[in-house]
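Student: Chains as they are written, first to last, in the numbering used here: chain A, 1 to 346; chain B, 347 to 640.
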Amino acid sequence: MGNFPTTVKHCLSYEELIQDYPWLARWLQEEKRALTHEYPEYVKIVEVGPRDGLQNEKEMVPTRVKIQLIDMLSETGLPVIEATSFVSSKWVPQMADHTEVLQAIHRSSHVRYPVLTPNMHGFQDAVAAGATEVAVFGSASETFSRKNINCSIDESILRFEEVICTAKQRQIPVRGYVSCALGCPYEGPIEFTKVAEVVKRLYELGCYEVSLGDTIGVGTPGSMAKMLHNVMKEVPSSALAVHCHDTYGQALANILTALQMGICTVDSSVAGLGGCPYAQGASGNVSTEDVLYMLHGMGIKTGVDLSKVIEAGDFICKALNRKTNSKVAQASGDYSVHCRMKKINT
Amino acid sequence: RVKIVEVGPRDGLQNEKTLVPTEVKIHLIDMLSEAGLPVIEATSFVSPKWVPQMADQVEVMKGINRRPGVSYPVLTPNLKGFQAAVKAGAAEVAIFGAASELFSKKNINCSVDESLQRFEEVTKAAKEAGVRVRGYVSCVLGCPYEGQVSPDKVAQVTKRLYSMGCYEISLGDTIGVGTPGGMTEMLEAVSREVPVDALAVHCHDTYGQALANILIALQMGISVVDSSVAGLGGCPYAQGASGNVATEDVVYMLHGLGIQTGVDLPKLMDAGAFICSSLNRKTSSKVAQAACKL
Numbered sequence: 001m002g003n004f005p006t007t008v009k010h011c012l013s014y015e016e017l018i019q020d021y022p023w024l025a026r027w028l029q030e031e032k033r034a035l036t037h038e039y040p041e042y043v044k045i046v047e048v049g050p051r052d053g054l055q056n057e058k059e060m061v062p063t064r065v066k067i068q069l070i071d072m073l074s075e076t077g078l079p080v081i082e083a084t085s086f087v088s089s090k091w092v093p094q095m096a097d098h099t100e101v102l103q104a105i106h107r108s109s110h111v112r113y114p115v116l117t118p119n120m121h122g123f124q125d126a127v128a129a130g131a132t133e134v135a136v137f138g139s140a141s142e143t144f145s146r147k148n149i150n151c152s153i154d155e156s157i158l159r160f161e162e163v164i165c166t167a168k169q170r171q172i173p174v175r176g177y178v179s180c181a182l183g184c185p186y187e188g189p190i191e192f193t194k195v196a197e198v199v200k201r202l203y204e205l206g207c208y209e210v211s212l213g214d215t216i217g218v219g220t221p222g223s224m225a226k227m228l229h230n231v232m233k234e235v236p237s238s239a240l241a242v243h244c245h246d247t248y249g250q251a252l253a254n255i256l257t258a259l260q261m262g263i264c265t266v267d268s269s270v271a272g273l274g275g276c277p278y279a280q281g282a283s284g285n286v287s288t289e290d291v292l293y294m295l296h297g298m299g300i301k302t303g304v305d306l307s308k309v310i311e312a313g314d315f316i317c318k319a320l321n322r323k324t325n326s327k328v329a330q331a332s333g334d335y336s337v338h339c340r341m342k343k344i345n346t
Numbered sequence: 347r348v349k350i351v352e353v354g355p356r357d358g359l360q361n362e363k364t365l366v367p368t369e370v371k372i373h374l375i376d377m378l379s380e381a382g383l384p385v386i387e388a389t390s391f392v393s394p395k396w397v398p399q400m401a402d403q404v405e406v407m408k409g410i411n412r413r414p415g416v417s418y419p420v421l422t423p424n425l426k427g428f429q430a431a432v433k434a435g436a437a438e439v440a441i442f443g444a445a446s447e448l449f450s451k452k453n454i455n456c457s458v459d460e461s462l463q464r465f466e467e468v469t470k471a472a473k474e475a476g477v478r479v480r481g482y483v484s485c486v487l488g489c490p491y492e493g494q495v496s497p498d499k500v501a502q503v504t505k506r507l508y509s510m511g512c513y514e515i516s517l518g519d520t521i522g523v524g525t526p527g528g529m530t531e532m533l534e535a536v537s538r539e540v541p542v543d544a545l546a547v548h549c550h551d552t553y554g555q556a557l558a559n560i561l562i563a564l565q566m567g568i569s570v571v572d573s574s575v576a577g578l579g580g581c582p583y584a585q586g587a588s589g590n591v592a593t594e595d596v597v598y599m600l601h602g603l604g605i606q607t608g609v610d611l612p613k614l615m616d617a618g619a620f621i622c623s624s625l626n627r628k629t630s631s632k633v634a635q636a637a638c639k640l
């Protein structure tokens, strides 16, 4: 404890305490940091509008419209744009023009263009068409797996193993997706340990990143935190992404929670393209514009120009003859207010 | 536990274009009372010249079925409104300040200081009458005229309302421009002057940020949240854009976090469905949209 005069000195002066016990200052700073949140400096946005978004739109989109959308998105600064899907056109007619799209888009050197490849057949077609990154889709729910891709989770992973091995040999990175991470339209709540298991398997097989999908948007910050806590025991946060649906309006709050837990990759869809196939008329993907607005407002860098994304969203909504799902885009329609708001949020 | 302050019947309806019949307003409030909401802002004692939607203020106050344990505050912009409110049976009133000078001038035609002086008359009279007063501060995260608003200015105005006798002050992101960063900074400044349990947040969802902002506020110790059934009440500063955050969506998030609210979500959704069909408009609540389609 030291002698009496020293103790009194410390009681009276915080500065002197810190001078004599520098380790205490560090400890106090750490305590303070625990109460305020640390956010990543940079968040990578993975734009899924052209694939996940359009795939879930009712209207058939002409190929040239898809190409123009992707080209506009390539100019916004988005680092990753999911371009199309090499699934059988029997199952997903919207993506039947996959080869044409991939070959016609203007590929920016700053952007990656992953494509979905559910099996070896799709993978080979993708590579023949010039794909340099692919994605595979697993599920944390057995029933969802069976209903969606007609096989069990284990069988699907065996299928992906083939794709991932071949991709590795050809030095093509593979991104993994796990759907129903926060709930399943058939099974209801999902065991988070099961989610962690599937994520771990995809990661260990060789996926450089695994995106955790709240497929029906039922998650809330509470379940997001619990799920991530389980998953992060098995896979580092730097290899994880969140793919939140806004069906119950929870997406931004869930994304915020994920950021607080160290996640720094977020999937989103321009104009919130892509409704929820499990709830007719309800919304699906979270809007890229709304995510960017939040991140930029928090001082988090993304490298993306929000006004250019709004333009791209405007373009695709006109082409689809539908209203945007992005609240930022809706609000920005009033130009004069938008300009004043730009002052606040830049 | 979080207390939800339901502002649909006042803040919500006031910003709806369609004039709502009195019996519809009364029925809405009664349905909301049944849904377990602890506080329901019933109406506003402003001059019907300025706010025709609230012209039936006395009728509404007298017509509603007041549930025991539920509070029904009403807006009173000045002493005259206060006296009329008490006469009509109000047991709690609310006063509205602003953190932006320009907004104050444009909205209520006087400076922030002048408005606070006016409110002091109300809080004095309320004290004598044993009536509780809730304070509101608008533009806490941005102003449609001034742009940026200083967190210290927000703290100052909040502190004055608190010292005047407001038991609670609701901090309003009037144009919904706030994000979790700005919310944190503002709440840090305000909570240095006023205890956090006397604070509430009133987030608008104009830029889709409301639930994220509410989450941050909860993490900072706020436990009172204002919201509007079905997200009633668009933004008067951005044509066609959304305004108030939907009570259903807030309750969904809170219950998902294991936080109690006392609110019965299905009954709340019924109230939302009722008012939307009366107004012939779609709900702004995503939970309501999803739930009716599943």
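C-beta atoms are modelled at their ideal positions from N, C-alpha and C, and glycine is treated no differently.
1) Report the three-state DSSP secondary structure of A:Gly49 (helix, strand or coil).
2) Measuring CB atoms only, is the region 212-231 of chain A touching the region 600-616 of chain B, in the sense that at least three cross pairs come out at less than 8 angstroms?
3) Is it right to say A:Trp27 is buried, meaning 16 or more other beta carbons lie within 10 angstroms of its own, or is it exposed?
4) In whole angstroms, give me the CA-to-CA distance for A:Ala83 and A:Arg51.
5) To the nearest angstrom, how far is it from the Cα of A:Val134 to the Cα of A:Val115?
6) Check the Cβ-Cβ distances between B:Gln635 and every residue of chain A, and say whether any is below 7 angstroms.
7) Measuring straight from C-alpha to C-alpha, what distance separates A:Leu240 and B:Ala436?
8) What residues from chain D crowd round B:Leu557, counting only those whose CB sits closer than 7 angstroms?
9) Which chain B residues sit within Cβ distance under 7 angstroms of A:Met359?
10) Can you check whether the C-beta of A:Leu256 is within less than 7 angstroms of a C-beta belonging to chain B?
11) Along the region 451-462 of chain B, what residues have a CB closer than 7 angstroms to any CB found in chain A?
12) Roughly how many whole angstroms lie between the Cα atoms of B:Glu438 and B:Leu425?
13) Taking only three categories from DSSP, how would you classify A:Asn254?
14) According to the neighbour-count rule (16 or more other Cβ atoms, all chains shown, within 10 Å of its Cβ), is A:Thr257 buried or exposed?
15) Give a yes or no on whether 7 angstroms exceeds the smallest Cβ distance from A:Gly299 to chain B.
16) If you follow the beta strand (DSSP E) that A:Ser139 is in, where does it begin and where does it stop?
17) I want to verify the contact list: residues of chain A whose CB lies under 7 angstroms from the CB of B:Asp551, in sequence order.
18) Can you confirm whether the region 514-528 of chain B touches the region 473-492 of chain B when touching is taken to mean that 3 or more C-beta pairs between the two stretches lie within less than 8 angstroms?
19) Which residue's Cα is closest to the Cα of B:Leu374: B:Asn361, B:Ser393, B:Gly409, B:Val397?
20) Within 7 angstroms of any Cβ in chain A, is that where the Cβ of B:Leu374 sits?
21) Quick one: does A:Ala376 have its CB under 7 angstroms from some CB of chain B?
22) CB A:Leu212 to CB A:Gly176, shorter than 7 angstroms?
23) Grab the span of the beta strand (DSSP E) containing A:Phe123 for me, first residue to last.
24) Rounded to a whole number of angstroms, what is the C-alpha to C-alpha distance between B:Thr504 and B:Val483?
25) Given that B:Asp595 touches chain A, what residues does it touch there, using C-beta distances under 8 angstroms?
26) Indicate whether at least one CB of chain A lies closer than 7 angstroms to the CB of B:Ala546.
27) May I have a chain-ordered list of the beta strand (DSSP E) segments no shorter than 3 residues that lie completely inside the region 536-618 of chain B?
28) Below 8 angstroms on C-beta distance, what does B:Leu561 contact in chain A?
29) With respect to the alpha helix (DSSP H) encompassing A:Arg159, which residues constitute its N-terminal and C-terminal limits?
30) Could you work out which residues of chain B lie near A:Asp290, taking near to mean beta carbons separated by less than 8 angstroms?
31) Determine the closest residue to A:Val92 out of A:Met60, A:Arg170, A:His121, A:Ala104, with distance taken between C-alpha atoms.
32) Which one of A:Thr215, A:Ile67, A:Glu38, A:Asn230 has the shortest CA to CA distance from A:Ala319?
33) Along the region 307-320 of chain A, what residues have a CB closer than 9 angstroms to any CB found in chain B?
34) Quick one: list the residues of chain A neighbouring B:Leu603, beta-carbon separation under 8 angstroms, in chain order.
35) Can you tell me whether A:Gly297 is helix, strand or coil according to DSSP?
36) Would A:Thr215 and A:Cys180 be called neighbours here (beta carbons separated by less than 7 angstroms)?
Tutor: Checking against the coordinates, here is how it stands:
1) helix
2) yes
3) Per-residue confidence for A:Trp27 stands at a pLDDT of 47, beneath the threshold of 50, marking its modelled position as unreliable; no derived number is given.
4) 6 angstroms
5) 5 angstroms
6) yes
7) 54 angstroms
8) Note that chain D does not occur in the displayed structure, where the protein chains are A and B.
9) There is no way to answer for residue 359 of chain A, as the model of chain A reaches only from 1 to 346.
10) yes
11) none
12) 14 angstroms
13) helix
14) buried
15) yes
16) 134-139
17) Lys327
18) yes
19) B:Gly409
20) no
21) Nothing about residue 376 of chain A can be reported from this structure: the residues present for chain A run from 1 to 346 only.
22) no
23) Counting along the chain, A:Phe123 falls outside any beta strand (DSSP E), though it belongs to the alpha helix (DSSP H) covering 120-128.
24) 7 angstroms
25) Tyr248, Gly249, Gln250
26) no
27) 545-549, 570-573
28) Pro221, Ala253, Leu256, Thr257
29) 153-169
30) Tyr553, Gly554, Gln555
31) A:Met60
32) A:Ile67
33) none
34) Thr220, Pro221, Gly222
35) helix
36) yes
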